[in-house]
Structure formats: structure tokens, C-alpha cells
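Here's the structure we're looking at; comments come further down.
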Amino acid sequence: MSTDKVVGIIDEELAELAGIKYTGKIYASSGVIKHIKKKHRGQLSKDIFNDILETIKTVLKSPEYIGSHPKKPGKSVEFVKKLDNYILVATELDTKKGYLYVSSLYAIKEAKLESRISSGRVLQYDG
Numbered sequence: 355m356s357t358d359k360v361v362g363i364i365d366e367e368l369a370e371l372a373g374i375k376y377t378g379k380i381y382a383s384s385g386v387i388k389h390i391k392k393k394h395r396g397q398l399s400k401d402i403f404n405d406i407l408e409t410i411k412t413v414l415k416s417p418e419y420i421g422s423h424p425k426k427p428g429k430s431v432e433f434v435k436k437l438d439n440y441i442l443v444a445t446e447l448d449t450k451k452g453y454l455y456v457s458s459l460y461a462i463k464e465a466k467l468e469s470r471i472s473s474g475r476v477l478q479y480d481g
């Protein structure tokens, strides 16, 4: 974790909404930046692609929607914000080391977001 960067904070309100028992710092490693650039390049605008770390910070600081992955209840938080497209920042809890880290960032289509809202997977957040 020594080379990881702090990219955000999850407070009690966000943690409760997401159903996670963790509050505190959110970390991103250089490895996740490489993953995003390799796997999600085609989905991201040039501005977002060229400043992924800042995009992560922006989404985590003021998400419009928050939820969790259904296969990872209590261990994941998804933050969504409309920038040039809807951008989802996925985070996971390392239960052994006790910290939340960014696992991915990608664009999500509005129809997919609406489906997740309808199913209750994500909730609107007005924080």
C-alpha cells in the first residue's frame, strides 16, 4: 500500500447506503491505472483517459449514484457520476488488510444505469 495513492474518502452515510462496514480512505494503485488504460480505453473520452487519477477523485468526491456489486455484498462499492458519459468507479474492500481500493473505472450507458436503479442495485445520492 506504500505506493498507493489516496483518491477519496467513504464516510458513514455513503458506507451505509452501499451496505459496507468500512469508513475511511480509498486507495488506488498504479496497477489499476494500467488496467483501466488497457481494458477500458475505447470507452473513455480523451480527457478522461489522459487524467484517470483525477477522474477517479472527481467521481469519488461527488457521486450521483452509489451501490454495490450483487456478487460482492458488503465488500464492494460502485460510485457513478455523469461527466462526458456516466462513469463508474468500482471499489472493493480488502478484508485482510482492512482498506477500500479502486478496482476499475469504466463508462456505463444510461440504459444500464437506469436498469440498475430500477433493480435497486444503485441508489441516487444527493450528498
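If you count by the working numbering, then the sequence shown holds residues 355 to 481, one letter each, in order. Don't be surprised by glycine CBs; every beta carbon is placed ideally from N, CA and C.
In the structure shown, what three-state DSSP assignment does residue i receive?
i, result
"L502", "Residue 502 lies beyond the residue range present for the chain, which begins at 355 and ends at 481; the question has no answer from this structure."
"L368", "helix"
"L477", "strand"
"I420", "strand"
"H389", "helix"
"G396", "helix"
Over the uninterrupted beta strand (DSSP E) stretch that includes residue i, give me the two end residues.
i, result
"L437", "Element bounds for L437: n/a, residue is neither H nor E."
"L459", "453-462"
For residue i and residue j, what's the separation of their Cα atoms in angstroms?
i, j, result
"I420", "S472", "13 Å"
"K392", "E370", "32 Å"
"K466", "V434", "12 Å"
"D405", "I390", "11 Å"
"A382", "K451", "14 Å"
Quick one: what's residue i bridged to in DSSP?
i, result
"T445", "V431, V456"
"A465", "A465 pairs with nothing; no bridge assigned."
"Y381", "V360, Y455"
What are the start and end residues of the alpha helix (DSSP H) that includes residue i?
i, result
"K400", "400-404"
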